[in-house]
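Be aware that the sequence shown starts at 1, since it is given in UniProt numbering, and climbs by one per residue.
Where a beta carbon is used, it is the ideal one built from N, C-alpha and C, also for glycine.
Small disclaimer: the values here were computed from a predicted structure and weren't measured.
The structure under discussion appears below in the form of structure tokens.
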Amino acid sequence: MTPPYVHLKYNFWADLANIATDIKRPWMLIGDFNEICSSNNKRGVKPFVSSSRPYLDDFMSFSGCIDLGFSGNPFTWRNKRSGLAHIKQRLDRAIANDEWHLLFPKAGVLHLPSIKSDHNPILAKLWMDSTKRPKPFRFEEAWTRDPSSNEDLFTSTSPTFPEDLEGLVEPIITNEENILLTSIPSREEITHALNSIPNLKAPGPDDIPSLVYKHYGNIIKPLLTSAVQSFFISGKILKEWSNTFITLVPKSKKASTFKDFRPISLCNVCYKVISKVIAGRLKPLLYKLISPNQIAFIEGRWINENGLLAQEIIHTMKTSRARKGWVTMKIDLMKAFDKLEWSFIITVLRQFGFHEKFIAWIHQCISTSAMSILINGSPHGYFSPKRGLRQGDPISPYLFVISMEILSRLMYRAEEQGAIRGIQICRGAPKISHLMFADDLLILARATTTDSNNVKNILDKFCSWSGQEKYASGKYVFLHWEWQFHLRMARPLDPRTHCRPIRMPSQHQARFHKIQHLSVSTASF
Numbered sequence: 001m002t003p004p005y006v007h008l009k010y011n012f013w014a015d016l017a018n019i020a021t022d023i024k025r026p027w028m029l030i031g032d033f034n035e036i037c038s039s040n041n042k043r044g045v046k047p048f049v050s051s052s053r054p055y056l057d058d059f060m061s062f063s064g065c066i067d068l069g070f071s072g073n074p075f076t077w078r079n080k081r082s083g084l085a086h087i088k089q090r091l092d093r094a095i096a097n098d099e100w101h102l103l104f105p106k107a108g109v110l111h112l113p114s115i116k117s118d119h120n121p122i123l124a125k126l127w128m129d130s131t132k133r134p135k136p137f138r139f140e141e142a143w144t145r146d147p148s149s150n151e152d153l154f155t156s157t158s159p160t161f162p163e164d165l166e167g168l169v170e171p172i173i174t175n176e177e178n179i180l181l182t183s184i185p186s187r188e189e190i191t192h193a194l195n196s197i198p199n200l201k202a203p204g205p206d207d208i209p210s211l212v213y214k215h216y217g218n219i220i221k222p223l224l225t226s227a228v229q230s231f232f233i234s235g236k237i238l239k240e241w242s243n244t245f246i247t248l249v250p251k252s253k254k255a256s257t258f259k260d261f262r263p264i265s266l267c268n269v270c271y272k273v274i275s276k277v278i279a280g281r282l283k284p285l286l287y288k289l290i291s292p293n294q295i296a297f298i299e300g301r302w303i304n305e306n307g308l309l310a311q312e313i314i315h316t317m318k319t320s321r322a323r324k325g326w327v328t329m330k331i332d333l334m335k336a337f338d339k340l341e342w343s344f345i346i347t348v349l350r351q352f353g354f355h356e357k358f359i360a361w362i363h364q365c366i367s368t369s370a371m372s373i374l375i376n377g378s379p380h381g382y383f384s385p386k387r388g389l390r391q392g393d394p395i396s397p398y399l400f401v402i403s404m405e406i407l408s409r410l411m412y413r414a415e416e417q418g419a420i421r422g423i424q425i426c427r428g429a430p431k432i433s434h435l436m437f438a439d440d441l442l443i444l445a446r447a448t449t450t451d452s453n454n455v456k457n458i459l460d461k462f463c464s465w466s467g468q469e470k471y472a473s474g475k476y477v478f479l480h481w482e483w484q485f486h487l488r489m490a491r492p493l494d495p496r497t498h499c500r501p502i503r504m505p506s507q508h509q510a511r512f513h514k515i516q517h518l519s520v521s522t523a524s525f
């Protein structure tokens, strides 16, 4: 039970958040939280008023956990008074992290009848056929009634691009590295790949977690080793191994449409071992393939580097006395992993100099999967996607950043040709035109219509090659002397752009009448 007193709550929730983030395994928390999240959790003469600190909401957002919902009476506590003084609330609940929810997708909570206590007892069950769960956390069956509404997510757009990618990439992988990449994995390498899979990670369609393979290693490991090695010899993967369940994890608490969810693939352990072996060989080579502007998934690069660098750049823009302004554009790619074209990935790998055998292994892994979406906890049929990378597949992050490197190369070439110009923080510092963290992109350029048009052309070219869709939920923040200019400059990026001036805190109070900080947004798709 959480403390009912306000002065004790902060320390309690802070300690609980630290404990939750330290736990790297599936976990569930159940009991009396002494907190309600919305007006639906309370009935009585006193209306629901949001507390000054929504501790439970903050904790769930910080720790990435979700409410498991309930079945039965919607309230778990009553003050046992009558008339207008009667109050009832939902104070008791069960929450769990994503790993636990994926491990027990049919789990639910029952609100049992109260006998003597003012609280209803609650019971968590690992398997429930019908549980009242919050809608956002599973795929809604109604979304499938219009077959055309989401079909573009898994259907190829038949992209067109030059085989040489306009000379943006030159072979980097050496013959010695290709020999290591294409060698048959040893028993030790396969065992290492198996051991790197968490014991109770949500299993795939075969419903067998990696713990089984490890616990019965004397019996299963020789068979697993032989089966995995047979893939690397024949280059063909068994259909049963590549079958995948898709579960949808919400990106926010207010997720309501398909684009608000992240599709996570639950792959079989045998496939994961193969993918882990390939990923383990690919990972050490990324540092020589990927430009320093991209810091996601690259060994040896600090995950917070680009965030700190972006803050320094914004500070430079705010304090600059230059007559010509600069612009920052934050661009989110819609369903970036799911829309990436396989033909584009293969072409990029080929241009970097990867051996054809290694490329063929990767092509088998990404193109032979059959997927089944979990609809309200149950799989319904299988379909074969025509593009995209599975989130949950060990090789997907590395293939994604390799493909995104082409966008970096396009930006660099535009800089060299003078089509765009990056910002320079100080004398002697390199010019920076873009920063990337996986599919999050921050573009920096001069606040001119020429640069704006050139940036648009670069993004259009990359999207037409790769299958990506820009401006999915894009927000652009511009800094310049004259705010009216931004609307004219932003329109080439999206004709539906609108903007408004925003005053932001600054130590240079005397310059408020000169500098306008603007929030410029485009329509969401």
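Query raised in the report: With respect to the alpha helix (DSSP H) encompassing HIS215, which residues constitute its N-terminal and C-terminal limits?
Result: The continuous alpha helix (DSSP H) containing HIS215 extends over residues 210 to 215.
Query raised in the report: What do you reckon, are the CB atoms on ILE359 and ILE346 nearer than 8 Å?
Result: Yes, Cβ-Cβ distance for ILE359 and ILE346 is below 8 Å.
**Report entry** the region 287 to 304 contacting the region 408 to 416, beta-carbon criterion three pairs below 8 Å
**Finding:** A contact is defined here as three or more CB-CB pairs under 8 Å, and the region 287 to 304 meets this definition with respect to the region 408 to 416.
Query - In chain order, each alpha helix (DSSP H) run of at least 4 residues that lies wholly inside the region 54 to 94 - result: Listed in chain order, they are 55 to 63.
Query raised in the report: Which word fits TRP481, buried or exposed, when buried means at least 16 other C-beta atoms lie within 10 angstroms of its C-beta?
Result: Its pLDDT being 44, under 50, TRP481 is placed unreliably in this model, and the value from its coordinates should be taken loosely. Taking all protein chains shown into account, TRP481 has fewer than 16 neighbouring C-beta atoms within 10 Å of its C-beta and is therefore exposed.
**Report entry** Option nearest LYS276 by Cα separation, candidates LYS318, LEU200, CYS365 and PHE245
**Finding:** Nearest option by C-alpha distance: CYS365.
Query - Close beta carbons around residue 594, own chain, < 7 Å, minus the five adjacent residues each side - result: Not covered by the structure: residue 594. The range shown for the chain is 1 to 525.
Report task. Just the C-alpha distance for LYS318 and LYS335, rounded to the nearest angstrom, thanks. Result -> Distance between the alpha carbons of LYS318 and LYS335 is about 32 Å.
Query raised in the report: Tell me which same chain residues have a C-beta within less than 7 Å of the C-beta of residue 601, skipping the five on either side of it?
Result: Coverage of the chain is limited to positions 1 through 525, which leaves residue 601 absent and any answer about it impossible.
Report task. State buried or exposed for CYS270, treating a residue as buried only when at least 16 other CB atoms are found within 10 Å of its CB. Result -> Buried: at least 16 other Cβ atoms inside 10 Å.
Query - Integer Cβ distance of SER63 from ASN34, believed to fall under 8 Å - result: That pair is no contact at about 18 Å.
Query raised in the report: What three-state label does DSSP hand ILE30 in the structure shown?
Result: ILE30: strand per DSSP, three-state reduction.
Query raised in the report: How long is the line joining the alpha carbons of VAL109 and LEU126, rounded to whole angstroms?
Result: So the alpha carbons of these two residues sit roughly 9 Å apart.
Report task. With DSSP collapsed to three states, give me the class of GLY108. Result -> It is a strand residue.
Requested in this report: Have a look at GLY325 and ARG25 and give me their C-alpha separation to the nearest angstrom.
Outcome: Their backbone Cα atoms lie some 48 Å apart in a straight line.
Query raised in the report: Between HIS111 and PHE70, which are expected to be in contact by the criterion C-beta below 8 Å, what is the C-beta distance as a whole number of angstroms?
Result: Right, their Cβ atoms sit about 5 Å apart.
Query raised in the report: Thinking C-alpha only, which one of ASP22, ASN178 and SER242 is nearest PRO205?
Result: PRO205 has its Cα closest to that of SER242, out of ASP22, ASN178 and SER242.
Query raised in the report: In whole angstroms, what separates the C-alpha of LEU180 from that of ILE295?
Result: Using only the alpha carbons, I get a separation of about 25 Å.
Query - Helix, strand or coil at LEU459 [DSSP, three-state] - result: Secondary structure at LEU459: helix, using DSSP grouped into helix, strand and coil.
Query - Candidates LEU442, LYS251 and PHE104, of which the one nearest SER433 by Cα - result: Considering only alpha carbons, the answer is LEU442.
Query raised in the report: Between the beta-carbon of THR316 and the beta-carbon of ILE423, is there less than 8 Å?
Result: Against a cut-off of 8 Å, the Cβ pair of ILE423 and THR316 comes out as a contact.
Query raised in the report: I think THR247 touches CYS267, with their Cβ atoms under 8 Å apart; what is that distance to the nearest whole Å?
Result: Wrong, their Cβ atoms sit about 12 Å apart, outside the cutoff.
Query raised in the report: How big is the Cα-Cα spacing for SER466 and HIS363?
Result: If I take the Cα positions, the gap works out to 16 Å.
Query raised in the report: Would a C-beta distance cut-off of 8 Å place LEU200 and LYS214 closer than the cut-off?
Result: One thing to note: LEU200 has its Cβ no nearer than 8 Å to the Cβ of LYS214.
Report task. Would you mind listing the alpha helix (DSSP H) stretches within the region 369 to 445 that are 4+ residues and don't spill past its ends, in chain order? Result -> Under the rule that a run must span 4 or more residues, the alpha helix (DSSP H) segments found entirely inside the region 369 to 445 read 396 to 416.
Query - Integer-rounded CB distance, given that GLY235 should sit under 8 Å from TRP361 - result: The C-beta distance from TRP361 to GLY235 rounds to 6 Å, short enough to fall under 8 Å.
Query raised in the report: DSSP state of THR522, grouped into three classes?
Result: Residue confidence is low: THR522 scores 34 on pLDDT, short of 50, so the model does not pin down where it sits. No coordinate-derived value is stated.
Query raised in the report: When you compare only the Cα positions, how much space is there between VAL273 and THR160?
Result: In this structure, the alpha-carbon of VAL273 lies about 33 Å from that of THR160.
Report task. Pull up the distance between the alpha-carbon of THR182 and that of PRO263, whole angstroms please. Result -> About 31 Å.
Query raised in the report: Which residues mark the beginning and the end of the alpha helix (DSSP H) in which ILE362 is found?
Result: It spans 356 to 367 - the alpha helix (DSSP H) in which ILE362 sits, taken as one unbroken run.
Query raised in the report: How is the beta strand (DSSP E) around PHE337 delimited, first residue to last?
Result: Counted as a single uninterrupted DSSP element, the stretch harbouring PHE337 is not any beta strand (DSSP E) but the alpha helix (DSSP H) occupying residues 336 to 339.
Report task. Please confirm whether LEU435 and LEU309 have their CB atoms less than 8 Å apart. Result -> For the pair LEU435 and LEU309, the CB atoms are nearer than the 8 Å cut-off.
Report task. Decide if THR21 is buried, meaning its Cβ has at least 16 other Cβ atoms within 10 Å, or exposed. Result -> Answer is exposed; the Cβ neighbour count stays below 16.
Query raised in the report: Which residues mark the beginning and the end of the beta strand (DSSP E) in which CYS270 is found?
Result: Segment 269 to 282 is the alpha helix (DSSP H) holding CYS270; no beta strand (DSSP E) there.
Query raised in the report: Helix, strand or coil: which one does DSSP assign to ARG25?
Result: Note: ARG25 maps to coil in three-state DSSP.
**Report entry** Cβ neighbours of SER130 in the same chain (closer than 6 Å, five flanking residues each side left out)
**Finding:** In this prediction, SER130 scores a pLDDT of 47, lower than 50, which makes its location untrustworthy; the coordinate-derived value is nonetheless stated afterwards. Result list for SER130: empty, nothing under 6 Å.
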